[in-house]
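Using the numbering used here, the letters of the sequence shown correspond one by one to residues 301 to 882.
Positions of the beta carbon are idealized from the N, C-alpha and C atoms, including for glycine.
Note sheet for the following structure.
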Amino acid sequence: MMIAACWSLAVTLEAMAEVPEQFTVQGTRAQTHPYLADPGLSAPGTATVEALGDEAKRGFIVFAKPSSFVIPPDYAPASEERCAALAAQDCPGQYGPITFAVFAIDAGDFAVSVTDLAGPDGKVLSAENLDVRSVRYAKVTARGKTEVVPLLLERVPSTPVAARRAQQFWITYHLPPGLPAGDYIGKVRILVGGVEKLSLPLTITVYPFSLIEPENEAFIYYNNPTEARALPLLRKQLIDQRCHAMNSGTLTLPVTTPGELIRDATVQILDVYRDVRFARPEVHVGLWNRITAEWLNTPDRSIKMYGPWFRYYAFSDKLDNRYVEAVRFIHEECRKRGLKLVLSVADEAGSHPWTAQAAQHYNDLIKGKLPEVTRELTCGGGWAMKLPEDELWKGRLDLWMTNRWLTDKLDLVRHNEPQAKFGIYNMCGAGSSPGGIEAPRVVYGFFTWKARAAAVAQWVYYHNATPEHEYAWPAENADEGNVPTLRWEMVREGAKDRRYLATLESKLARAKGPSADEARLLLARIAAQVELRTEDYDPIGGGRVPVPKPATCDQWRGQIAEMIRTEIEAHHEVVPREQIRR
Numbered sequence: 301m302m303i304a305a306c307w308s309l310a311v312t313l314e315a316m317a318e319v320p321e322q323f324t325v326q327g328t329r330a331q332t333h334p335y336l337a338d339p340g341l342s343a344p345g346t347a348t349v350e351a352l353g354d355e356a357k358r359g360f361i362v363f364a365k366p367s368s369f370v371i372p373p374d375y376a377p378a379s380e381e382r383c384a385a386l387a388a389q390d391c392p393g394q395y396g397p398i399t400f401a402v403f404a405i406d407a408g409d410f411a412v413s414v415t416d417l418a419g420p421d422g423k424v425l426s427a428e429n430l431d432v433r434s435v436r437y438a439k440v441t442a443r444g445k446t447e448v449v450p451l452l453l454e455r456v457p458s459t460p461v462a463a464r465r466a467q468q469f470w471i472t473y474h475l476p477p478g479l480p481a482g483d484y485i486g487k488v489r490i491l492v493g494g495v496e497k498l499s500l501p502l503t504i505t506v507y508p509f510s511l512i513e514p515e516n517e518a519f520i521y522y523n524n525p526t527e528a529r530a531l532p533l534l535r536k537q538l539i540d541q542r543c544h545a546m547n548s549g550t551l552t553l554p555v556t557t558p559g560e561l562i563r564d565a566t567v568q569i570l571d572v573y574r575d576v577r578f579a580r581p582e583v584h585v586g587l588w589n590r591i592t593a594e595w596l597n598t599p600d601r602s603i604k605m606y607g608p609w610f611r612y613y614a615f616s617d618k619l620d621n622r623y624v625e626a627v628r629f630i631h632e633e634c635r636k637r638g639l640k641l642v643l644s645v646a647d648e649a650g651s652h653p654w655t656a657q658a659a660q661h662y663n664d665l666i667k668g669k670l671p672e673v674t675r676e677l678t679c680g681g682g683w684a685m686k687l688p689e690d691e692l693w694k695g696r697l698d699l700w701m702t703n704r705w706l707t708d709k710l711d712l713v714r715h716n717e718p719q720a721k722f723g724i725y726n727m728c729g730a731g732s733s734p735g736g737i738e739a740p741r742v743v744y745g746f747f748t749w750k751a752r753a754a755a756v757a758q759w760v761y762y763h764n765a766t767p768e769h770e771y772a773w774p775a776e777n778a779d780e781g782n783v784p785t786l787r788w789e790m791v792r793e794g795a796k797d798r799r800y801l802a803t804l805e806s807k808l809a810r811a812k813g814p815s816a817d818e819a820r821l822l823l824a825r826i827a828a829q830v831e832l833r834t835e836d837y838d839p840i841g842g843g844r845v846p847v848p849k850p851a852t853c854d855q856w857r858g859q860i861a862e863m864i865r866t867e868i869e870a871h872h873e874v875v876p877r878e879q880i881r882r
């Protein structure tokens, strides 16, 4: 959340200087890829902006927009978008964004750095807790439309910016658990050609309460490396997911070409997953490729398969026994580590009808042989194709992961199976496609909250065969970890919105009185503005859900935080009012 203001600088006495975990597991630059070809920004742009005050003398304009606002390189900032200071508000233990941009009047080589932030009673938020990155733009095409869009966040010494072009910068903060509440004040320094041209006051307000985990799962689908030599990278990528507010995760497990589960390697992967310490015990495993199905790059049109996908092998007792034993082994190894296996036997079977019989068969098989294993399936596409998925999977699933929120269809499932749980997936839009970045935040946050979904997920954290879908890119030095996209940061902001909501609702569970009534009214007003409907993918909106105007989620979160503080005060947990600003 960005606020234009001016703050005084306190005295630095004591620093909290440990490097945050996320900053140690993320890459600095993205791996070379044709998708990241030169976007043609070295030539001067065509945008014109009138310089105000001393902007012409220093050669650039500084402006700020909400973190979910897309700032293309030809963006011309309005006078009211100029910013004289930067600010954010959040809870101890959280990561979050502070973003701003420069509009270059003159071409230059721009660099950004951050000082320590002085806080109350001599406490200091060390600059180690602020990761400064430059937005990397890419020229991409979707639905016949080509755009240059902000895509990646890279840690680079400096960024050349041509005249009359905008360049966005992104600061990720981490507020250590236990950090005392109050204002932490420092500076953001902007250098051009190695010379400091401007220093912006920066204030981070730390709320006097911590967030709780919501009831729903938050995860992202992930085709992880499975080789023993890649286990350190696997660990980094899972940590990155946890630091982005994912409370569970997915795993691809190793299988031989003939279709045998590689058990020793599976054990090693599960050990890494356990040690990453997700907040929830679930581990989602999709188990079909090469065990029960083969991937065909050349579609089999005889079964009405018109694009590359999975084709299942003929059923047999031998294949059934092998599959059950593989699942049994994974289930037992999960149980030993305090994990809970959530199994998928197929992927989007409804929208790939030739796989429906196999999805029924293997779900029935596991339900009969291993009823304690949780069964999930991605669905929604079949309903969109006028197929009765509510009948196809009736009695076969514990968790229905739907990519379309179709109320009438979900009500049919609820009527037939009152115990069924619903999750949301793939409603955020592809990671790299042109368009907005608000949808991931809305889906992982307020949409999931209003829908009371049991889980929320998106395809895909990283999958090198489909870069346009990636929410994180492989680093130039592959061992470093992954480089984030702006949408990956918005996933975290959405999951954090859900945490704020859960924290307020927990305070209201037994609360009475005017403040509690006001808080409940606020939640009702927010819920009334969240639309639970599904749209077609939109190059502008970038997802399948309606999105509010940029900054709306920030405003809602700020109001929720104020209500949490009010409830704390109402129960005599004394918190100075000035420590939280609306």
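On the three-state DSSP scale, how would you describe residue i?
| i | result |
| --- | --- |
| G735 | coil |
| Q855 | helix |
| D483 | strand |
| P373 | coil |
| S434 | strand |
| D647 | coil |
| G745 | helix |
| G695 | coil |
| Y573 | helix |
| Q389 | strand |
| T803 | helix |
| R792 | helix |
| M701 | strand |
| Y662 | helix |
| K423 | strand |
| F629 | helix |
| I868 | helix |
| V783 | strand |
| L242 | Within the shown structure, residues of the chain are numbered from 301 to 882, placing residue 242 beyond reach of any answer. |
| K849 | coil |
| T766 | coil |
Along the chain, where does the alpha helix (DSSP H) that runs through residue i open and close?
| i | result |
| --- | --- |
| V325 | 321-325 |
| A755 | No alpha helix (DSSP H) contains A755, which is instead part of the beta strand (DSSP E) from 755-757. |
| T707 | 707-716 |
| Q541 | 531-543 |
| G681 | 681-684 |
| A828 | 814-829 |
Buried or exposed: which applies to residue i, given that a residue is buried once 16 or more other Cβ atoms fall within 10 Å of its Cβ?
| i | result |
| --- | --- |
| M685 | exposed |
| Q719 | exposed |
| D354 | exposed |
| Q541 | buried |
| A356 | exposed |
| D564 | exposed |
| R857 | buried |
| N663 | buried |
| K604 | exposed |
| E867 | buried |
| D416 | buried |
Which whole-angstrom value describes the C-beta separation of residue i and residue j, a residue pair presumed to lie in contact below a C-beta threshold of 8 Å?
| i | j | result |
| --- | --- | --- |
| M727 | R844 | 4 Å |
| D374 | G345 | 5 Å |
| G422 | L475 | Contact flag wrong, Cβ pair sits at about 17 Å. |
| K365 | P850 | 7 Å |
| L639 | P581 | 5 Å |
| S732 | P767 | 6 Å |
| V760 | K536 | Not quite, the Cβ-Cβ distance comes to about 17 Å (not below 8 Å), so this is no contact. |
| A343 | A462 | 6 Å |
| L425 | I520 | Not quite, the Cβ-Cβ distance comes to about 28 Å (not below 8 Å), so this is no contact. |
Starting from residue i, trace the beta strand (DSSP E) both ways and give me its first and last residue.
| i | result |
| --- | --- |
| Q468 | 466-474 |
| T446 | 445-454 |
| F722 | 721-725 |
| F578 | First-last for F578: undefined, no H or E at that position. |
| T459 | 459-461 |
| Y612 | 609-612 |
Per DSSP, which one or two residues make a beta bridge with residue i?
| i | result |
| --- | --- |
| A404 | F360 |
| I398 | I471 |
| P599 | P599 is not bridged to any residue. |
| G549 | V583 |
| D338 | Note: D338 sits in no beta bridge, so no partner. |
| L491 | A411, E496 |
| P774 | N782 |
| T503 | A387, I485 |
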